[in-house]
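Participant: Each residue of the sequence shown is one higher than the one before, counting from -12 in the working numbering. The C-beta atom is built at its ideal place from N, Cα and C for all residues, glycine as well.
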Amino acid sequence: MRRHQTAPRSRLAVDAALTPADQEQHAIQVAIGFKQHYLAAITYLDDHRIAVATIKPTGTQKRPVEAPQEIWVDASGNVTIVPCDHPTRRRRINPAWVLLVLLVLTSMALLF
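And the structure:
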């Protein structure tokens, strides 16, 4: 009986990961493909190991203005297009601000 052996992990698999500069370049190339949009910003999120390019529609269209979109490129070269108002991108409200607003409203109610 012959045992199935897995191939040793190739160094090529490790070396095949894109560098942050390559990820940003790939995101720029994808952004160029969007007609009637311009590249508004590009950044690298080190903690997530993805490059994020933000594209916005130009103001010359006669149709309703679209929301800006983000192009995510991970280290493997996978590309994801996400609207900027996507639920994963929404900012969370700081609980300290909520508490501050409640305290101000309560103190105003007590004064009047």
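Between Ala27 and the rest of its own chain, which residues show a CB-CB distance below 6 Å, the 5 nearest in sequence each way excluded?
Facilitator: Thr41 and Lys43
Participant: Rounding to the nearest angstrom, what Cα-Cα distance links Ala18 and His35 in this structure?
Facilitator: For Ala18 and His35, the gap between their C-alpha atoms comes out near 20 Å.
Participant: Where do the N-terminal and C-terminal ends of the beta strand (DSSP E) with Trp57 fall, by residue?
Facilitator: Contrary to the premise, residue 57 reads as Glu rather than Trp in this sequence. Counting along the chain, the beta strand (DSSP E) containing Glu57 begins and ends at Gln56 to Asp61.
Participant: By Cβ distance below 8 Å, which residues in the same chain neighbour Glu53 in space, the five residues on each side in sequence not counted?
Facilitator: Around Glu53, the same chain offers Pro44 as residues with beta carbons nearer than 8 Å, after the five sequence neighbours per side are excluded.
Participant: Taking 8 Å as the threshold (C-beta atoms), are Ala14 and Ala38 in contact?
Facilitator: yes
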